[in-house]
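Heads up: the sequence shown begins at 183 in this note's numbering, then just goes up one per residue. Yeah, the Cβ is synthetic: ideal placement off N, Cα and C, and Gly gets one too. Computed from a prediction, not measured in an experiment: that's the story for all the values here. Have a look at the structure below before the remarks.
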Amino acid sequence: IQGWANTEKIIRDCQQSDRRDVTMIALDTEKKMKPALVYQPIDLDFHVYLVSNRKVHPGVSLLDATLLALKGGVRSIQLREKDLKTRELLRIAYEIRALTLKFDARLFINDRVDIAIAIEADGVQLGQKSIPPYAVRRIASRLIIGVSTHSMEEALKAQGQGADFVTLGPIHSTKSKPGMKSLGVENLELVSKKLSIPVFGIGGITHENIKEIVERGAFGGAMISGIYGAKDIKQAALKTLKVLK
């Protein structure tokens, strides 16, 4: 009842204010609603974070490509197909979820918290324009939350807002981020040492260089073409996991 009374007051205040005042009221409301975050580390059980892109493996369906990766030992998948309409994405998400459950693997949904909840995914991967981690906690506290970052500032902000882990990149030049300046392993090392949550390097990560980023302090590597774009997806996954043993 008290919460509803507060909501009614906010509505009345907004109705009596101009646009600038409304913006200030909204920002103040978010600040009041934002919980005091006390980070409780979770034990991530994967070091290879495979990010989907059905366009890098033409001739092989996303489902089949993912099955091959899982057979190769991958135990964490992020479904990231931003161009799909909601119902098509939901259909594919259910199919991928069935596979990950069969292999006891984690499934993360990019940005779409609603779909993650609907299919009972393990987590979500948020972007810089997504709703913040603390807001996700209010509606789906069980989800593991990853945040995509591209700088020390963004990584620290994500940690402060309650992210469980971050991806940082691009570390190397990559086709998925054309024209974006690579950060290099030196910056990855700095961020990894600064944060108290796991950091995954992303961007041009392959079985040939993933060991280096882990040695520099990264928790693991997020990969797209390094596995999904390989001629033999299963073998690429096996090689990557073998390097990290």
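Exercise for the section: Could you please give the first and the last residue of the uninterrupted alpha helix (DSSP H) stretch that includes M334? Expected result: In the DSSP annotation of this structure, the continuous segment of the alpha helix (DSSP H) that includes M334 starts and ends at M334 to G342.
Handout entry: Contained alpha helix (DSSP H) runs [length at least 4] in the region 324-403, N- to C-terminal order
Key = 334-342, 366-376 and 392-397
Practice task
Report yes if the C-beta distance between Q343 and P314 is below 7 angstroms; otherwise report no.
Solution key: yes
Exercise for the section: Measure the alpha-carbon distance for S333 versus L261 and round it to whole angstroms. Expected result: 23 angstroms
Practice task
For my contact list, L232 and M405 are in at a C-beta cut-off of 8 angstroms; report their separation, rounded to the angstrom.
Solution key: 6 angstroms
Handout entry: Cβ-Cβ separation, G399 to E368 (assumed contact under 8 angstroms), whole Å
Key = With a Cβ gap of about 11 angstroms, E368 and G399 do not count as contacting.
Exercise for the section: Identify, in the order they occur along the chain, each residue of the same chain with its Cβ nearer than 7 angstroms to the Cβ of L325, setting aside the five sequence neighbours on each side. Expected result: A298, G305, V306 and V318
Handout entry: beta strand (DSSP E) segment containing V242, residue limits
Key = Where V242 is concerned, there is no enclosing beta strand (DSSP E), given that its DSSP letter is neither H nor E.
Exercise for the section: Pick out whichever of I224, P223 and H229 has its Cα sitting closest to the Cα of A388. Expected result: It should be noted that the sequence gives Thr, not Ala, for residue 388. Cα-wise, what sits closest to T388 is H229.
Handout entry: Spatial distance of L377 from G386 (CA atoms)
Key = Whole-angstrom Cα-Cα distance: 22 angstroms.
Problem - First and last residue of the uninterrupted beta strand (DSSP E) at Q260 - result: S258 to L261
Practice task
Report buried or exposed for Y276, applying the criterion of at least 16 other Cβ atoms within 10 angstroms of its Cβ.
Solution key: exposed
Problem - For Q307: DSSP bridge partner residues - result: N292 and G328
Handout entry: Whole-angstrom C-beta distance between T248 and L281, which should lie under 8 angstroms
Key = 6 angstroms
Practice task
Determine the contact status of L420 and G254, defining contact as a CB-CB distance below 7 angstroms.
Solution key: The answer is yes: Cβ separation under 7 angstroms.
Problem - Cβ pair T331, L350 closer than 7 angstroms - result: Against a cut-off of 7 angstroms, the Cβ pair of L350 and T331 comes out as a contact.
Practice task
Please name the residue in S355, V329 and I353 whose C-alpha comes closest to that of D346.
Solution key: V329
Handout entry: Contact belief for G411 with H239 at Cβ below 8 angstroms, rounded distance in angstroms
Key = 6 angstroms
Handout entry: Among T268, I415 and K357, the one whose alpha carbon lies nearest that of Q242
Key = Sequence inspection shows Val at residue 242; the Gln mentioned does not correspond to that position. Among T268, I415 and K357, the Cα nearest to that of V242 belongs to I415.
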